[in-house]
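Single-structure report; data block below.
Numbering (our numbering), first residue to last: 3 to 221.
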């Protein structure tokens with residue numbers, strides 16, 4: 003029962019993160035859509051912290067930071083000047099959630115559907131984290147990326163992060179500055195290693211586990 007509930011929780015976090023990614027492209031860019039997407043994304047990050055944290059103190063710190071992050075993000079959406087605070091809180095919380103999720107997946111030492119859902123969640127969270135990094139690079143060094151005219155910077159960077167993480171590289175968004183190129187190169191390397199090491203080992207473990215539970219009948 004506990005494993006089933008854990009699987010359900012990771013599946014819920016994954017669903018929230020996918021909805022956060024797809025909400026604005028599906029219904030259009032607006033302040034309400036931006037706030038809703040932000041709420042879904044930050045809820046999924048907070049959920050990952052609570053799912054993966056080993057102590058209640060880490061959960062409490064994560065909760066306080068997440069509430070502050072959400073409040074600052076809402077103020078930023080309303081066009082007040084708190085962008086730097088939001089940027090730093092985003093970096094701290096997203097990469098903190100990534101670290102805790104990875105540690106949780108590796109510490110489990112087993113391959114099941116729960117672990118697979120958590121790994122997929124971590125993979126998409128990785129794309130979101132790098133997209134945030136790209137947005138900050140573009141803000142601090144304008145012109146670091148070549149993007150289509152009149153395109154939303156967050157949507158463009160999230161799209162670019164996803165195609166870079168999966169090494170598709172369509173070429174419609176390009177890193178121009180040296181720091182943007184280095185960041186993109188590191189993301190491509192991390193994406194390949196993540197799939198090869200973590201997801202590959204989990205899928206292999208799932209296959210081995212099912213083989214043990216349902217061995218082929220003797221000839």
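Idealized CB from N, CA, C, for every residue including glycine.
Taking every protein chain shown into account, the CB of residue 152 has fewer than 16 other CB atoms within 10 angstroms, so this residue is exposed. Unbroken alpha helix (DSSP H) runs of no fewer than 4 residues, entirely contained in the region 154–188, are found at 155–167, following chain order.
Classified as buried, residue 116 has 16 or more neighbouring CB atoms from the shown chains inside 10 Å of its CB. CA-CA distance, residue 61 to residue 123, rounds to 19 Å.
Listed as beta-bridge partners of residue 123 by DSSP are no residues whatsoever. Annotation: the continuous alpha helix (DSSP H) that includes residue 47 extends over 33–54.
Here residue 147 is bridged, per DSSP, to 177. With distances taken between CA atoms, residue 129 lies nearest to 160 out of 31, 29, 160.
Residue 188 counts as exposed, since fewer than 16 other C-beta atoms from the protein chains shown sit within 10 angstroms of its C-beta.
A direct Cα-Cα distance of roughly 10 Å separates residue 144 from residue 137.
Nearest C-alpha to residue 70 among 55, 52, 94: 94. Burial state of residue 172 is exposed, judged by a 10 Å Cβ sphere holding fewer than 16 other Cβ atoms.
Pairing residue 132 with residue 179 gives a Cβ-Cβ distance that is not under 8 Å. In this structure, DSSP gives residue 62 a helical state, which the three-state scheme calls helix.
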